[in-house]
Amino acid sequence: FPTRRSSDLLVYLTFIIKQICADCQSKFPSEPLGYYWRDYEGEIPYDAVPGGTEKNSNPTYIGQAYIRIFELLPATISEGSAIATTSARHKTKQTDKNIKILCSHQPELLKWVSTTSTDRHLLTNCHLVVGGSERNQILHIGRVNYDGHTIIGKVFSYPPALKGLWIPYNRREVKFNSYEILTYNCK
């Protein structure tokens, strides 16, 4: 039989759980984010998110490529190409399989924010768009203007030796400490 003490405890626990759930809902909204990944099979969808430019000023798009051994990596997709270009372990990698393309029905909420390897952690009021994982780390999507291109790459947050933006360029990886990072609904 429940006692007065156990019923008081039950009321108290119910109150605490409701508070925790209310707090969780404010931090983790139940509504889906306004961006998503679609399978990519050679055609740029109408809602694809542009992320960079080629030397001829043609847009490039934000992709994601699964490459066995290297995990899921942010990539660049060029219009008219079925190939995604990314980088891993100091080399450029290309694939025409297991590719996704970033799309959005709210592109106005996606913004590029300038940052550096040492200041990236200060972006506390921003949702950083996750682009994949490598070496058991979450990667974010970054870009940089380099040699007449705006090139999409992956952002490592740690360890210090990897921290920064890494882009595929000329069959190798190039690292940058100043770059732009893709955010969603950044305030």
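Throughout the sequence shown, residue numbering follows my numbering, covering 6 to 192 in sequence. The beta carbon of each residue, even a glycine, is placed where N, CA and C say it ideally should be. In this text the structure is predicted, and so the values were computed from the model without any measurement.
| Asked | Found |
| --- | --- |
| Inside the stretch 137-166 only - beta strand (DSSP E) runs reaching at least 3 residues | 142-151 and 154-161 |
| Between the CA atoms of proline 173 and alanine 70 - distance to the nearest angstrom | 13 Å |
| Close-in-space but distant-in-sequence residues of the same chain around histidine 110 (CB under 7 Å, 5 per side omitted) | Gly39 and Asp52 |
| Range of the contiguous beta strand (DSSP E) that encloses glutamine 111 | Run containing glutamine 111: none; DSSP gives neither H nor E here. |
| Own chain partners of glycine 136 with C-beta closer than 7 Å, once the 5 adjacent residues on each side are dropped | Gln69, Pro79, Leu144, His145, Ile146 and Lys159 |
| Coil, strand or helix - arginine 125 by DSSP | helix |
| Range covered by the beta strand (DSSP E) that runs through aspartate 52 | That residue, aspartate 52, is in no beta strand (DSSP E); it is neither H nor E in DSSP. |
| Glycine 57 classed as buried or exposed, judged by whether at least 16 other C-beta atoms fall within 10 angstroms | buried |
| Through-space distance from valine 134 to aspartate 28, alpha-carbon basis | The pLDDT assigned to aspartate 28 is 41, lower than 50, so where the model puts this residue is not dependable; a value taken from the coordinates is nonetheless given after this. Roughly 22 Å between the two C-alpha positions. |
| Own chain, CB closer than 6 Å to alanine 87, minus 5 neighbours either side, in chain order | Gly47 and Asp101 |
| Residue from Glu139, Phe161, Lys98 and Cys191 whose Cα sits closest to the Cα of tyrosine 184 | Phe161 |
| Straight-line Cα distance separating leucine 115 from threonine 190 | Residue identity differs from the one stated: residue 190 is asparagine in this sequence, not threonine. Those two C-alpha atoms are separated by around 6 Å. |
| Counted within 10 angstroms of its Cβ, other Cβ atoms place tyrosine 45 as buried (16 or more) or exposed | buried |
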